[in-house]
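Asker:
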Amino acid sequence: MTAGRCIGRVGGLAVALGIGTALAGWGDCPAWADTTAGAAGSTTSSQSTGTPSGAPEKNQRKPVKPKPKSNKHADKAGKDTADKDTADRDNAAKPDKNVQKPAAADKPGKGKVDKGEAGKADEAARRVSLPRVTAAVPAKTVATPTVTAVAAQASAAQPTVKVAAVSTAPIAKLSRALRSLQAPVSPLSSTSVLVALAAVRDELERKTLKPTSTVAPQPVSTLADTTPNVLVIGVDGTNLSRVLADPANANFFQLMQGGTTAPASIVGHTTISNPSWTAILTGVWGEKTGVINNIFNPAVYDKWPTVFNQLETFNPGIQTTAIANWDVVSAIAVSGSVGADHVVNISHIAGDSDWSLTDDAVGDATEAAIAAADPNKPNFVFSYFVGVDENGHNYGGASQQYADAVRNVDQNIGEIMQQVNDWEAATGEQWTVIVVTDHGHQASKGLGHGFQSPNETSTFVIANNPNLFTAGGVNLKYQIVDVTPTVVTLFGGTPAPKSDGVSITNLGGSTVTPIDDDAALRAAVLEVIGKYGYPDIGTDLKLGVRTVFASVPYFLNQGFDAVTAQLESVAAQHIFVISPLAQAMTVPVQLVGSLTYAATNAVAQVVARLTGVTGASLVPIFMPPLPPLVGTEDPAPVAACTVLVACGTSAGIIAA
Ligand SMILES: [Zn+2]
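With the numbering used here, the residue at position 482 of the sequence shown is 478, and numbering never jumps.
1. Please name the residue in V377, S349, I476 and S331 whose C-alpha comes closest to that of A361.
2. Determine the burial state of H570: buried for a count of at least 16 other Cβ atoms within 10 Å of its Cβ, exposed for fewer.
3. I need the DSSP call for L464, collapsed to helix, strand or coil.
4. Does the distance from the C-beta atom of N408 to that of D355 stay below 8 Å?
5. In the DSSP assignment, find the beta strand (DSSP E) that holds Q315 and state where it starts and stops.
6. Are the Cβ atoms of G721 and N235 separated by less than 8 Å?
7. Tell me L591's beta-bridge partners as DSSP assigns them.
8. Residues in the same chain with beta-carbon distance under 6 Å from S613, minus the five sequence neighbours each way, listed in chain order, please.
9. Within its chain, find whatever has a CB closer than 7 Å to the CB of L503; leave out the 5 residues flanking it on each side and keep chain order.
10. Could you pull out every residue in the same chain whose Cβ sits closer than 6 Å to the Cβ of S653, ignoring the five residues on either side in sequence?
11. Note down, one range per segment and in chain order, each alpha helix (DSSP H) of at least 4 residues found wholly within the stretch 418 to 491.
12. Who does H338 pair with in a DSSP beta bridge?
13. G230: which of T266, Q250 and S272 sits nearest, CA to CA?
14. Could you tell me whether any non-hydrogen atom of ligand 1 is closer than 7 Å to the CB of G233?
15. Is any heavy atom of ligand 1 found at a distance shorter than 7 Å from the C-beta of D434?
16. Beta carbon of D385: closer than 7 Å to some heavy atom of ligand 1?
17. Using the beta-carbon count (16 or more within 10 Å), is V653 buried or exposed?
18. Which same chain residues end up closer than 6 Å to D630 when comparing Cβ atoms and leaving out the 5 residues on each side of it in sequence?
19. Does the stretch 317 to 328 come within contact of the stretch 292 to 307, defined as at least 3 CB pairs closer than 8 Å?
20. Compare the beta carbon distance of F545 and P224 with 8 Å and say whether it is the shorter of the two.
21. May I ask which residues mark the beginning and end of the alpha helix (DSSP H) holding T267?
22. Thinking C-beta only, is G347 closer than 8 Å to F447?
23. Rounded to the nearest angstrom, how far is the Cβ of D221 from that of Q438, given a contact under 8 Å?
24. Check T664 in the structure and name its three-state DSSP category.
25. Skipping 5 residues on each side, what residues in its chain have a beta carbon closer than 8 Å to that of V479?
26. DSSP has V508 in a bridge; who is on the other side?
27. Determine whether the beta carbon atoms of G529 and P450 lie at a separation below 8 Å.
28. Just curious, the beta strand (DSSP E) that N305 is in, first and last residue?
29. I want to know whether the stretch 250 to 266 touches the stretch 564 to 582 - three or more CB-CB distances under 8 Å.
30. Rounded to the nearest angstrom, what separates K527 and L577 at their Cα positions?
31. Tell me the rounded alpha-carbon separation between N417 and G555.
Here's what the structure looks like:
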């Protein structure tokens, strides 16, 4: 074994203590939720009041002000000492929605979204409501106690995500009710209805809705463009509440304003990265795929085709690209019957302790991929950032380092969207942009994620395309598992059989628009997130036990890998007697490591099976190797672009 087999990043051995924490925390749900609520309060209090929407430009995203490239990387170099200054400069340079409201005409695509009659009615209602809301400050004050009572009632009635009292009401009906409420009530009143909607977002009901078509499908389910373009940006371990808590994250929020946001939760599913990313990249939850930890198993993707497999099988002409700085994600992209056309695996840049340069390399490679996209071909780009999760593990989700990592991804998103806008302006075509995370993070350092606290189960899906998704909308039906079925549908294909996800283009009937106001959008999303709770105690225990057992073979393997790497390092130094001894020791160490893995993995698989993972398997007995990934170690961002462009026609892994 080599260090290269040491898969992914580690949450810390403290995960083994997690079950105790999960048990202790179960009876103390409000404490977990308080963090989010605090973030919500601090965010909303600083919002400006809404402005009426005017005449926006047709089908165009709001232009992003490009940041000078040279500044970005110069800022990175001095980040530790001059972070505050950097932030201030960034704020000054960017169109900060929270400080300076842009002219109403700048609203991206609002009012020009190609909607059906319901959408037009919604639009009309929104326009009618605006003057009242702007002038209704006293009414807002009056309405608030009622709203609080409603929210409190919902919380008291059912601390989990399910509220029996409203679970039978059709979502569409509630949506209409919300729309009709919009004119006379304050934004907070609207958000209380959203919370009620959140309560009914239940997988069982969702599946029931799917075949019976209770939710009216959107008029447009696929793009008119015969060569569609879809970009999925994956940001590992990112809490949307923390994104919104920092006004500097203007690019995230800009995508939300111009698209539809789902403050989704994966409660009831494990909050470990590989199971979640496999769900995102296959459309199937970990309970079926059998992925229970961060160990890569290629056999999974033979049985459950990835989004790349599905697209390439359906239409080999689709140009598929994956860019990632976690080797497991890159490995997924090359797995299955046919992998992505281009895979750029970006290794951790030496000395990049906060992962900002490594994330920047992902961002730059993504910009290069967008720039190189052929408008005459269908294009799919998946771009994955690990930096936020790394900082969450190292410092905790409430840390400044975590906030800095989120801000850095936001800057990269801004630059990527600038590239997207430029490309669209040059070609007249449109990109659908989806941003998604796999799980959230605990506030404190150590545990990270893996269990069922609301901070860990909190996820999000942001879908942005002015032709497909309601600007400023909130949707409580979207799930992270919907990403692959959505992407496949956008290219005109049919999602793989037995997919758990559905195309979110068919869930538009559940989209509600809180009100045409930035603060209301933030408040609505944050209030929904703040209301999520734990699953029932049985599910909580079951998933906690599964996480503990599943983590043992993973962490043991990492430990043996580290020892092996040390021995190999000593062996390479040609020290008299010592080096040959170290070389000789690697064999028994690897043997013990493999046997230990096999034994603990077998137990983990049995536990997984007993806790509802139908895909759990005792085969393979030993840990399967990663595909031969060759990452770019060059810190110069240009190198990644050059690699992509130069090697763009080769299949499989691109070598640096
Ligand atoms: Zn993760």
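The C-beta atom is built at its ideal place from N, Cα and C for all residues, glycine as well. Since the structure is predicted, the reported quantities are computational estimates derived from the model, not experimental observations.
Answerer: Answer, in terms of the structure:
1. Here residue 361 refers to the residue found at position 365 of the sequence shown. Of the listed residues, the one whose Cα sits closest to A361 is V377.
2. On the sequence shown, residue 570 is found 574 positions in, with the first residue counted as 1. Here H570 is exposed, its C-beta having fewer than 16 other C-beta atoms within 10 Å.
3. The residue labelled residue 464 in the question sits at position 468 within the sequence shown. Three-state result, L464: coil.
4. Locating residue 408 in the sequence shown gives position 412, counting from the first residue. Locating residue 355 in the sequence shown gives position 359, counting from the first residue. A contact, by the Cβ cut-off of 8 Å.
5. Here residue 315 refers to the residue found at position 319 of the sequence shown. First-last of the beta strand (DSSP E) with Q315: Q315 to A320.
6. Because the chain spans -3 through 652 in this model, residue 721 falls outside it and cannot be assessed.
7. As a first step, residue 591 is located in the sequence shown; it is residue number 595 there, counting from the start. DSSP lists no partner for L591.
8. Position 617 of the sequence shown, counting from 1, holds the residue named residue 613. Once the five neighbours on either side are set aside, the close Cβ partners of S613 are G286.
9. Position 507 of the sequence shown, counted from the first residue, corresponds to residue 503. Apart from sequence neighbours up to five positions away, the residues of its chain that approach L503 with a beta-carbon distance below 7 Å are V211, N471, K473 and Y474, ordered along the chain.
10. Past the boundaries of the shown model lies residue 653; the chain is included only from -3 to 652, so the question cannot be answered.
11. Complete alpha helix (DSSP H) runs here, min 4: 450 to 453 and 479 to 486.
12. If you number the sequence shown from 1, residue 338 lands on position 342. According to DSSP, which records beta bridges pairwise, H338 is partnered with T317.
13. Locating residue 230 in the sequence shown gives position 234, where the first residue counts as 1. Relative to G230, the option among T266, Q250 and S272 whose CA is nearest is S272.
14. Position 237 of the sequence shown holds residue 233. Yes - ligand 1 has a heavy atom lying nearer than 7 Å to the Cβ of G233.
15. Within the sequence shown, residue 434 is the residue found at index 438, counting from 1. D434: yes, Cβ under 7 Å from ligand 1.
16. Taking the sequence shown and counting its residues from 1, one reaches residue 385 at position 389. Relative to the non-hydrogen atoms of ligand 1, the Cβ of D385 comes within a distance shorter than 7 Å of at least one.
17. Here the chain has residues from -3 to 652 only, and residue 653 is not among them.
18. On the sequence shown, residue 630 is found 634 positions in, with the first residue counted as 1. Bear in mind that the predicted position of D630 carries a pLDDT of just 37, short of 50, making it unreliable; the figure below should be weighed with that in mind. Counting only Cβ-Cβ distances below 6 Å, and skipping sequence neighbours, we find nothing.
19. Segments in contact, yes.
20. Walking along the sequence shown from the start, residue 545 turns up at place 549. Walking along the sequence shown from the start, residue 224 turns up at place 228. No, these two residues do not count as a Cβ contact at 8 Å.
21. By one-based count along the sequence shown, residue 267 stands at place 271. The continuous stretches of alpha helix (DSSP H) do not include T267, and DSSP gives it neither H nor E.
22. Residue numbering aside, residue 447 sits at position 451 when the sequence shown is read from its first letter. Residue numbering aside, residue 347 sits at position 351 when the sequence shown is read from its first letter. No.
23. Mapped onto the sequence shown, residue 221 falls at position 225. Mapped onto the sequence shown, residue 438 falls at position 442. Not quite, the Cβ-Cβ distance comes to about 42 Å (not below 8 Å), so this is no contact.
24. Because the chain in this structure spans residues -3 to 652, residue 664 falls outside the shown range and cannot be described.
25. Translated into positions along the sequence shown, residue 479 becomes position 483. If you ignore the 5 residues before and after V479, its C-beta comes within less than 8 Å of the C-beta of V228, I276, L277, G279, V303, I430, V432, V457 and G497, all in its own chain and listed in chain order.
26. Working through the sequence shown from its first residue, we reach residue 508 at position 512. DSSP, once it has assigned bridges, lists V470 as partnering V508.
27. Sequence index remark: in the sequence shown, residue 529 carries index 533 (1-based). Sequence index remark: in the sequence shown, residue 450 carries index 454 (1-based). When the beta-carbon positions are compared, G529 and P450 come within less than 8 Å of each other.
28. Indexing the sequence shown from 1 puts residue 305 at position 309. Run containing N305: none in the beta strand (DSSP E); it sits in the alpha helix (DSSP H), V303 to F310.
29. Contact fails: fewer than three Cβ-Cβ distances are below 8 Å.
30. Looking up residue 527 in the sequence shown gives position 531. Looking up residue 577 in the sequence shown gives position 581. Their backbone Cα atoms lie some 59 Å apart in a straight line.
31. Stepping through the sequence shown from its first residue, residue 417 is reached at position 421. Stepping through the sequence shown from its first residue, residue 555 is reached at position 559. Straight-line Cα distance between these residues: approximately 46 Å.
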